[in-house]
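Numbering follows our numbering, with no gaps: position 207 of the sequence shown is 232.
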Amino acid sequence: MTWRPSGRMLAWTGGVLAVLVALVVVVVATPVMSVRTVEVSGARGESAAVVRDLADVPLGVPLARLDTAAITERLSALPQLASVRVDRGWPSTVTLVVTERVPLALVDDGGRQWLVDAEGVLFAQVTEAPAGLPVLEVDSAGPDDVATRAALGVLRVLPEDIRQRVGRITATSADGVQLKLVGGRTVVWGSAEDSVRKAEVLAAVFSQPGGLIDVSSPEAVVIR
């Protein structure tokens with residue numbers, strides 16, 4: 026006996042398919058779900074305006090057909106952005122989710138001053154050094170430079186009150202990090218190895234008198 030779908034089942038199936046086709050048309054080919062609003066998350070003020078302008082999100086394009094990869098590529102060209110994501114918000118909103126780089130130090134490159142983040146990326150040139158940022162001195166600043174990474178790693182683990190007193194941090198190599206504090210004191214750090222322990226020891230002896238504190242061997246601190 027051969028089973029055959031009933032007329033009622035065929036009609037029901039046809040109705041479902043018709044609804045699905047209609048939904049696809051609404052989502053893909055009609056202005057009901059087209060881009061009408063562009064929002065920026067993670068940046069404010071002028072930075073948000075720069076992000077929105079560079080993204081150049083086309084209004085009126087069906088949200089389902091929006092080329093988010095192209096928008097991401099355009100925004101990734103902004104050096105001040107550490108990460109970029111483009112989200113669709115139905116029915117008609119595009120949200121540009123960005124993470125801005127946070128300056129950790131300042132690099133003087135032949136008279137030009139650059140902000141550098143914790144990853145070693147030089148992302149913005151400035152005409153006036155922001156208050157509280159130490160100057161980073163290495164031979165070749167950048168994310169692939171081991172001396173840069175060592176020095177920035179030290180800055181990341183310093184207690185905030187001590188980091189605010191660092192005027193200059195130098196690294197002749199990954200093993201030769203030194204801090205020059207505002208007021209003239211020097212902290213010999215050595216390598217970035219055991220930096221958390223070194224930071225704890227430095228905080229414990231910081232109030233003691235002396236022009237030089239050597240924490241390169243945290244179990245045998247030298248103060249003189």
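Yeah, the Cβ is synthetic: ideal placement off N, Cα and C, and Gly gets one too. None of the values given here were measured: they were computed from a predicted structure.
Per DSSP, the bridge partner or partners of residue i
i, result
"residue 215", "202"
"residue 87", "59"
"residue 77", "Paired residue(s): none; residue 77 is not in a bridge."
"residue 238", "212, 248"
Status (buried if at least 16 other CB within 10 Å, exposed otherwise) for residue i
i, result
"residue 49", "With a pLDDT of 47 at residue 49, under the threshold of 50, the predicted position of this residue should be treated as unreliable, though the coordinate-derived value follows. The residue is exposed, with fewer than 16 neighbouring Cβ atoms inside 10 Å."
"residue 92", "exposed"
"residue 70", "exposed"
"residue 112", "exposed"
"residue 221", "exposed"
"residue 9", "The chain is shown from 26 up to 249; residue 9 falls before or after that span and cannot be answered."
The ligand PLP heavy atom lying under 6 Å from the CB of residue i
i, result
"residue 188", "Of the ligands one can find in the structure shown there are none, so the ligand PLP has no counterpart to examine."
C-alpha gap between residue i and residue j, whole angstroms
i, j, result
"residue 24", "residue 187", "This structure leaves residue 24 out entirely; the chain is present only between 26 and 249."
"residue 163", "residue 173", "6 Å"
"residue 148", "residue 83", "27 Å"
Residue from the options whose Cα sits closest to the Cα of residue i
i, options, result
"residue 244", "68, 225, 69, 232", "225"
"residue 80", "241, 70, 98, 126", "98"
"residue 154", "178, 138, 109, 148", "138"
"residue 135", "152, 143, 144", "152"
"residue 86", "103, 74, 58, 95", "58"
Cβ distance (whole Å) where residue i is taken to contact residue j below 8 Å
i, j, result
"residue 227", "residue 212", "6 Å"
"residue 195", "residue 203", "5 Å"
"residue 159", "residue 140", "So it is not a contact: roughly 12 Å between Cβ atoms."
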